[in-house]
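Visitor: Pasting in a structure now, in structure tokens, and then I'll have a few things to ask.
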Amino acid sequence: MRPPSPRCRSALATLLDGLLKEFAGSALGSGQAGVSNDQVGALIKSVLESLGSEGNDGGVDGLNRRFQQGGAGDIFSSWVGTGTNQTIGPDILSQILKGHPIEQAPQRAGLGGAAGAAILAQLLPVLIDKLTPNGQVPERSQLREMGNQLARGDAPFARPEMIMSSGDKPKPDFSNVKSGASSTAPPPVAPKAAEPRTYTVIAGDNLSKIAKKFYGDANKWKKIFEANKDTIKNPDLIKVGQVLRIPE
Amino acid sequence: MREISMKRTRLLVLGVACVAVPIALSACKRAETPPSPPPAIAPAPAPAPPPAPAPFRVSSVDVGNAIGADKRVTVPSATLAPGDTIYASVASTGAAPSVTLVARWTYGDGQLVNEQSQQIAPTGPSSSEFHISKPDGWPAGTYKVEILADGTSVASKNFEVK
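Residue numbers (our numbering), protein chains in the order written: chain A, 5 to 252; chain B, 6 to 167.
Rendered as structure tokens:
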């Protein structure tokens, strides 16, 4: 395998170092966007390969033409220039890139759908900015070579986790945090539990009769029996004056 | 004979008189105008309904390392020490039968530190406190406490540990 040219190594190192600084601390960089480091690394590689492709759309100049045609030339110029990068929404970016090799880059990196488009919209301005230091546009072959090196992981800083992690600083561990709360205001009053219904047995009663009285159905006597099993041993034998629980 | 006739006439007159007088009296009674009813007493005005209590509203949140018995931070501070217990006191007004207050503590760019909730039924101005502590000390950096009332963010405060 042909070793990468020193020039390419240097360009890739500069690019990745710039990306590292740019993303450190951001939601994307700290992995909070729900995207793995490997996926973002694969996306950068895929975009570099697309930019390095031959044809009208290839190269930074080809992408620039797309933006000009899409009425977003100013945005693209801000990425190439030395000023502040203008942001671009994923929807507009998707329209501009329709049919362009970069359009499929998120999918190739396993980042399909709206999430992939949103990440590409975050990544592309920074990537183009870092690829064009002082407005200098890299050769297509150079872009392809950077993509290949990134895939091989043989360039300095070429490991995706190096790009997308927020540096060596580990996240603090807050798992042992203790907390509490109190107030001068009273707590809400819990709704009172409904008083259980009761019935006092009178002469001539039996469970069927009581069931008919409360449920309109004598066959529901078992419900009363079940609710009073602690005091009724024999369902045919209830005593006058006995207080029965009548379940709802 | 004439005497008898006179007697009869006198008796007749007397009889007629006996019947006529009660009738006349009765007629007079019926003709009497009924006594005028006592003057109507105007109903007492219904007592004005008590004014509706003001709705619950969080007015402020303060952060510090100590609270008083009134649940208020004694000395609000935007800078705390790693060993501090950190208090957030939430001042509120108004009444509600039930409000769920949540304090969401975050570090740096949004890393969740802790989330604590409490249910209150305020009847007027009240103060609620939330506190967090970390046995091995707080990492230096910027923090934020966000207060939510029934799921809606109502106040927040940034502070620093150094």
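Note that beta-carbon positions come from the ideal geometry of N, C-alpha and C, so glycine has one too. Bear in mind the structure is a predicted one, so any value in this text is a computation, not a measurement.
Just the chain B side, please: which residues come within less than 7 Å of lysine 175/A by C-beta, in chain order?
Guide: Your numbering for residue 175/A matches position 171 in the first sequence. Neighbours of lysine 175/A on chain B, chain order: Gln116.
Visitor: Quick check on arginine 70/A: does DSSP put it in helix, strand or coil?
Guide: On the first sequence, residue 70/A is found 66 positions in, with the first residue counted as 1. Residue state, collapsed to three classes: helix.
Visitor: Give me the Cα-Cα distance between glutamate 165/B and phenylalanine 135/B, rounded to the nearest whole angstrom.
Guide: Stepping through the second sequence from its first residue, residue 165/B is reached at position 160. Stepping through the second sequence from its first residue, residue 135/B is reached at position 130. Roughly 17 Å between the two C-alpha positions.
Visitor: If I follow the unbroken beta strand (DSSP E) through serine 132/B, where does it start and stop?
Guide: Counting from 1 along the second sequence, the entry for residue 132/B is found at position 127. First-last of the beta strand (DSSP E) with serine 132/B: 131–138.
Visitor: With a cut-off of 8 Å on the beta carbons, I'd call serine 1/B and alanine 96/B a contact; round off their distance for me.
Guide: Examination of residue 1/B is not possible in this model, given that chain B is present from 6 through 167 alone.
Visitor: When burial is assigned at 16 or more other CB atoms within 10 Å of the CB, is arginine 70/A buried or exposed?
Guide: Walking along the first sequence from the start, residue 70/A turns up at place 66. Answer is buried; the Cβ neighbour count reaches 16.
Visitor: In the DSSP assignment, find the alpha helix (DSSP H) that holds aspartate 78/A and state where it starts and stops.
Guide: For this step, residue 78/A is matched to residue 74 along the first sequence. Here the alpha helix (DSSP H) through aspartate 78/A covers 77–84.
Visitor: Identify whether serine 50/A lies in helix, strand or coil by the three-state DSSP scheme.
Guide: Taking the first sequence and counting its residues from 1, one reaches residue 50/A at position 46. Helix, per DSSP.
Visitor: For a test of the three-state rule: what should DSSP assign to leucine 154/A, helix, strand or coil?
Guide: Within the first sequence, numbered from 1, the residue matching residue 154/A stands at position 150. Reduced to three states, the DSSP call for leucine 154/A is helix.
Visitor: Would you mind giving the Cβ-Cβ distance between valine 64/A and proline 137/A, rounded to the nearest angstrom? I have them listed as a contact below 8 Å.
Guide: Stepping through the first sequence from its first residue, residue 64/A is reached at position 60. Stepping through the first sequence from its first residue, residue 137/A is reached at position 133. Contact doesn't hold; Cβ gap of about 12 Å is too wide.
Visitor: I'd like to know whether the C-beta of serine 161/B is nearer than 9 Å to at least one C-beta of chain A.
Guide: Counting from one through the second sequence, the residue named residue 161/B turns up at place 156. So no, serine 161/B is outside the interface.
Visitor: Excluding the five sequence neighbours on either side, which residues of its own chain have a C-beta within less than 7 Å of the C-beta of alanine 4/B, listed in chain order?
Guide: Since the first residue of chain B shown is 6 and the last is 167, residue 4/B is not available in this structure.
Visitor: Given that alanine 185/A touches chain B, what residues does it touch there, using C-beta distances under 9 Å?
Guide: Residue 185/A sits at position 181 when you count from the first residue of the first sequence. Chain B residues near alanine 185/A: Leu106, Ala108, Gln121, Ser122, Gln123, Ser133, Glu134, Phe135, His136.
Visitor: Out of Lys233/A, Met150/A, Ile242/A, Lys237/A, which has the shortest C-alpha to C-alpha gap to glutamate 53/A?
Guide: Numbered from 1 along the first sequence, position 49 holds the residue referred to as residue 53/A. Among Lys233/A, Met150/A, Ile242/A, Lys237/A, the Cα nearest to that of glutamate 53/A is on Met150/A.
Visitor: I'd like to know whether the C-beta of alanine 71/B is nearer than 9 Å to at least one C-beta of chain A.
Guide: To locate residue 71/B, count along the second sequence from 1; it is residue 66. For alanine 71/B, the answer is no, since every Cβ of chain A falls outside 9 Å of its Cβ.
Visitor: Mind pulling the chain B residues with CB within less than 8 Å of lysine 182/A?
Guide: By one-based count along the first sequence, residue 182/A stands at place 178. Ordered by position in chain B, the residues that pass the 8 Å Cβ test against lysine 182/A are Ile137, Ser138, Lys139, Pro140.
Visitor: Under 9 Å between C-beta atoms, does alanine 189/A make it to chain B?
Guide: Counting from 1 along the first sequence, the entry for residue 189/A is found at position 185. Yes, because at least one Cβ of chain B sits closer than 9 Å to the Cβ of alanine 189/A.
Visitor: Ignore the nearest five residues each way along the sequence and tell me which others in threonine 86/A's own chain have a CB closer than 8 Å to its CB.
Guide: Working through the first sequence from its first residue, we reach residue 86/A at position 82. The residues are Asn138, Gly139.
Visitor: What would DSSP say about isoleucine 92/A, mapped onto helix, strand or coil?
Guide: Along the first sequence, one-based indexing puts residue 92/A at 88. Residue state, collapsed to three classes: coil.
Visitor: Where does the unbroken beta strand (DSSP E) through valine 78/B begin, and where does it stop?
Guide: As a working note, residue 78/B is residue 73 in the second sequence. Looking at the DSSP string, valine 78/B is not in any beta strand (DSSP E), and its letter there is neither H nor E.
Visitor: What's the call for isoleucine 125/B, buried or exposed, on a 16-neighbour Cβ count within 10 Å?
Guide: Within the second sequence, residue 125/B is the residue found at index 120, counting from 1. That one is buried.
Visitor: What do you get for arginine 62/B, buried or exposed, if any count of 16 or more other CB atoms within 10 angstroms of its CB means buried?
Guide: Looking up residue 62/B in the second sequence gives position 57. When all chains shown are included, arginine 62/B counts as exposed.
Visitor: Once you ignore the five residues that flank alanine 121/A on each side, which residues in its own chain have a CB closer than 7 Å to its CB?
Guide: Taking the first sequence and counting its residues from 1, one reaches residue 121/A at position 117. Pro94, Leu97, Ser98, Pro110.
Visitor: In three-state terms, what does DSSP make of glutamate 2/A?
Guide: The structure shown does not extend to residue 2/A, since chain A is modelled only from 5 to 252, so the question has no answer here.
Visitor: Taking only beta-carbon atoms, is serine 65/B less than 9 Å away from chain A?
Guide: For the purposes of this step, residue 65/B is taken as the residue at position 60 of the second sequence. So, not an interface residue.
Visitor: Beta-carbon of proline 102/B versus every beta-carbon of chain A: anything under 9 Å?
Guide: Against the second sequence, residue 102/B aligns to sequence position 97. Yes, proline 102/B counts as interfacial toward chain A.
Visitor: Going by other Cβ atoms of all chains shown within 10 Å of its Cβ, with 16 needed for buried, is proline 56/B buried or exposed?
Guide: Mapped onto the second sequence, residue 56/B falls at position 51. Burial call: exposed.
Visitor: Exposed or buried, which one is glutamine 153/A when buried takes at least 16 other CB atoms within 10 Å?
Guide: For the purposes of this step, residue 153/A is taken as residue 149 along the first sequence, with counting starting at 1. Flag for glutamine 153/A reads buried.
Visitor: Out of Lys237/A, Ala231/A, Val181/A, Ile228/A, which one is the CA nearest neighbour of tryptophan 110/B?
Guide: Along the second sequence, read from residue 1 onward, the residue named residue 110/B stands at position 105. It is Val181/A whose Cα lies nearest to the Cα of tryptophan 110/B.
Visitor: Assuming contact is defined by CB atoms lying nearer than 9 Å, are serine 131/B and alanine 108/B in contact in what I supplied?
Guide: Against the second sequence, residue 131/B aligns to sequence position 126. Against the second sequence, residue 108/B aligns to sequence position 103. No, the pair does not count as a contact, with Cβ atoms beyond the cut-off.
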